[in-house]
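Number of protein chains: 2
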Amino acid sequence: MPIRIALDEVLAAKKMKAKQLATLIGVSETHLSLFRSGKVRGVRFSTLARLCAALNCQAGDLLTYVHDEADLAASEEAIE
Amino acid sequence: MPIRIALDEVLAAKKMKAKQLATLIGVSETHLSLFRSGKVRGVRFSTLARLCAALNCQAGDLLTYVHDEADLAASEEAIE
DNA sequence: CGAAAATTTATGTCAAGCTTAAATTTTGGA
DNA sequence: TCCAAAATTTAAGCTTGACATAAATTTTCG
Numbered sequence: 002m003p004i005r006i007a008l009d010e011v012l013a014a015k016k017m018k019a020k021q022l023a024t025l026i027g028v029s030e031t032h033l034s035l036f037r038s039g040k041v042r043g044v045r046f047s048t049l050a051r052l053c054a055a056l057n058c059q060a061g062d063l064l065t066y067v068h069d070e071a072d073l074a075a076s077e078e079a080i081e
Numbered sequence: 002m003p004i005r006i007a008l009d010e011v012l013a014a015k016k017m018k019a020k021q022l023a024t025l026i027g028v029s030e031t032h033l034s035l036f037r038s039g040k041v042r043g044v045r046f047s048t049l050a051r052l053c054a055a056l057n058c059q060a061g062d063l064l065t066y067v068h069d070e071a072d073l074a075a076s077e078e079a080i081e
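Protein sequence lines, in the order shown, are assigned to chains A and B.
Using the working numbering, the letters of the first sequence correspond one by one to residues 2 to 81.
Using the working numbering, the letters of the second sequence correspond one by one to residues 2 to 81.
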């Protein structure tokens, strides 16, 4: 997956524990853990907004796109 | 909603039409239109990745968080 | 005007966001 | 080296909403 979640880095920079964040924004520790380790396939903006608010950062600080040529082949399947 | 979608700006900068983008990344024009006008409540990373790939930009260029104090009160409801 | 292009509305499907609970693993101090 | 607390993972389920297609409505512009 070319969208990398950099939550751990931001968390470390703010010297905040995942648990604190979870409590602060009202999301389960379970889900936050899955999110941190990149095991989710998307986010609700409401959740993203709360993360940004709590960490005082931008969406781009949490989500970074790692370029992958394959992403552009999305519409052209059946190439075989 | 404090997450602002800046797709139109990026699109304009790249001088690309929404329709071209939709075709390029394989998403319906309908949905892309809803997305552009901020009428969706979230994104799948697969879609975000394709947008970034096609526009050659970062996730942060498309999604920006507009600070809103209210976001932190997310967990404290029942305040009345 | 009028037709093509773009946006919106309507409807529906199905994936997955997120939760709670329990199991498993990791961590760190005594 | 233990063991208990903390953190992560697994499991199961509820519910939302991403995204699609089709049709209606609106906008664009020659």
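We put the beta carbon where it would ideally sit given N, CA and C, even for glycine.
As the structure is a computational prediction, the values presented were derived from the model and not from experiment.
- In this structure residue 63 (chain A) is not in contact with residue 28 (chain A), their Cβ atoms being roughly 13 Å apart against a cut-off of 8 Å.
- With its beta carbon less than 9 Å from one in chain A, residue 69 (chain B) belongs to the interface.
- By the Cβ rule, the segment 16 to 23 of chain B does not count as touching the segment 14 to 34 of chain A, because fewer than three pairs are nearer than 8 Å.
- DSSP places residue 37 (chain B) in the uninterrupted alpha helix (DSSP H) bounded by 30 to 37.
- A check of alpha carbon separations from residue 58 (chain B) across A:61, A:7 and A:9 identifies A:61 as the nearest.
- Counting other Cβ atoms within 10 Å of its Cβ, residue 55 (chain B) reaches 16 or more and is therefore classed as buried.
- Assigned with DSSP and collapsed to three states, residue 11 (chain A) falls in helix.
- Contact check for residue 4 (chain A) against residue 50 (chain B) passes: the beta carbons are separated by less than 9 Å.
- Closer than 7 Å at the C-beta level to chain A, one finds these residues of the segment 32 to 47 of chain B: 42, 43, 44, 45, 46 and 47.
- Straight-line spacing of the CA atoms in residue 69 (chain A) and residue 47 (chain B) works out to 12 Å.
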